[in-house]
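Participant: With the numbering used here, the residue at position 232 of the sequence shown is 232, and numbering never jumps.
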Amino acid sequence: MNKIDKKYLYYSLGILFIIFVWFIGSIIVDSEIVLPKISLVFKTIGELFARGETYLIILRTFLDILIVTILTLILALVFSLLALRFERFKHFFSPIVTLLKSIPVVAVIILFLLMVGQRFTPYVITFLVIFPILYEGIYSSINAIDKDLLDDVKTVSNLNYLVIKDIYFPLSKPRILVSLLQSFGLGLKVIVTAQMIAQTKGTIGYQIAIQNTYLETKGVFAWTIILIIFVFVIDFILHLIIKKTKDKIY
């Protein structure tokens, strides 16, 4: 058995262990409200996928996190380049990044509900949470590029579009993709949490909140599993992209 086979074997054993604990726990608790049986949850998942509305809800949640991540990535790239170009700006911006990393998410969700309303609150909160990850990831990735190479580049040209495209981006791409992977997974959890609290209709977070309100725990579990599968698929795709990028470079 090679290394890859062992990896998937232990991964599968981990999943089976979770299912086993869930199965035993549901028997011991014996309450559908507290911990529903696996069969009921998967039956609910089947019912959800039989409805066309479910796919629209998943698509909307995906588009929401995709839009926020792309916009945040662009802003993080701009601010990272400014911090690399101007040391004073880096020191000026550092406390702001530290503040964003420290703020309590739930308290800020409630605050922004009053400021921007339930429609835009999930976007704003997700931006505030993943921006520091992307900013620091991009900054450290570019800053880790060989200084001798950068000195050679500076003798030819100052920081411009071609230097960013042909030098900075290719060399820092693997680390940036890792930061993107981390921020996407975290951002999805944050945006769903914000949707739950803000009651943003037509989203996974809203569906979980509604199911919880009516004590439909099997529905909460069903939507949570759908979300986990969704995150797993996205993570798998991003991991493949990262691996291919590293193979091209090395």
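Every residue, glycine too, gets a C-beta built ideally from N, C-alpha and C.
Note that the structure is a prediction, hence the values are computed from the model and not measured.
Is the closest heavy atom of the ligand HEM to the C-beta of Pro36 under 7 Å?
Facilitator: Ligands are entirely absent from the displayed structure, and the ligand HEM is therefore not among its contents.
Participant: For Tyr135, count the other beta carbons within 10 Å of its own beta carbon; 16 or more makes it buried, fewer makes it exposed. Which is it?
Facilitator: buried
Participant: Let me check understanding here. Comparing Cα to Cα, which of Gly202, Val116, His239, Tyr123 lies closest to Leu177?
Facilitator: His239
Participant: What number of angstroms, rounded off, separates the C-alpha of Glu96 from the C-alpha of Ile241?
Facilitator: Note on residue identity: the sequence assigns Ile, not Glu, to residue 96. Computed Cα separation, rounded: 31 Å.
Participant: Output needed for Val124: all residues of its chain with C-beta closer than 7 Å, excluding positions within five of it in sequence on either side, in chain order.
Facilitator: Phe112, Val116
Participant: At which residues does the alpha helix (DSSP H) containing Phe86 begin and terminate?
Facilitator: Looking at the DSSP string, Phe86 is not in any alpha helix (DSSP H), and its letter there is neither H nor E.
Participant: On the premise that Ile110 lies in contact with Thr69, defined as a C-beta separation below 8 Å, what is that separation, rounded to the nearest angstrom?
Facilitator: Not really, about 24 Å apart at Cβ, beyond 8 Å.
Participant: Going by the beta-carbon positions, is the gap between Tyr206 and Thr213 smaller than 8 Å?
Facilitator: no
Participant: Run the CB neighbour count on Phe49, radius 10 Å, all protein chains shown included, and call it buried at 16 or more, exposed below.
Facilitator: Exposed, since its Cβ has fewer than 16 Cβ neighbours within 10 Å.
Participant: If I measure Cβ to Cβ from Trp223 and keep anything under 7 Å in the same chain, skipping five residues before and after, which residues do I get?
Facilitator: Ile204, Gln207, Ile208, Gln211
Participant: I'd like the span of the alpha helix (DSSP H) that includes Tyr123, first residue to last.
Facilitator: Segment 105–143, the alpha helix (DSSP H) holding Tyr123.
Participant: Can you tell me the Cα-Cα spacing of Ile57 and Leu227, whole angstroms?
Facilitator: 11 Å
Participant: Alpha carbon to alpha carbon, how far is Ile237 from Ile251? Give it in angstroms, no decimals.
Facilitator: Shown here, the chain extends from 1 to 250; a query on residue 251 therefore has no answer.
Participant: Does DSSP classify Ala50 as helix, strand or coil?
Facilitator: In the structure shown, Ala50 falls within a coil segment according to DSSP collapsed to helix, strand and coil.
Participant: Measuring alpha carbon to alpha carbon, tell me which residue in Lys218, Ile234, Val220, Ser140 is nearest Phe184.
Facilitator: Nearest C-alpha to Phe184 among Lys218, Ile234, Val220, Ser140: Ile234.
Participant: Using the rule of at least 16 other Cβ atoms within 10 Å of the residue's Cβ for burial, across every protein chain shown, is Val41 buried or exposed?
Facilitator: buried
Participant: Does the distance from the C-beta atom of Ile19 to that of Ile38 stay below 8 Å?
Facilitator: Yes; because the gap between Cβ atoms is below 8 Å, this pair is in contact.
Participant: Quick check: what's the CA-CA separation for Arg119 versus Lys6?
Facilitator: 45 Å
Participant: Can you list, in chain order, the residues of its chain with a C-beta nearer than 8 Å to that of Ile103? Leave out the 5 residues immediately preceding and following it.
Facilitator: Leu128
Participant: Taking the continuous alpha helix (DSSP H) assigned at Thr213, which residues delimit it?
Facilitator: 204–213
Participant: For Leu114, collect the residues of the same chain with a Cβ closer than 7 Å to its Cβ; drop the 5 residues on either side in sequence, then sort them by chain order.
Facilitator: Once the five neighbours on either side are set aside, Leu114 has no close Cβ partner at all.
Participant: For Ile142 versus Ala76, is the C-beta distance shorter than 8 Å?
Facilitator: Not closer than 8 Å, so no.
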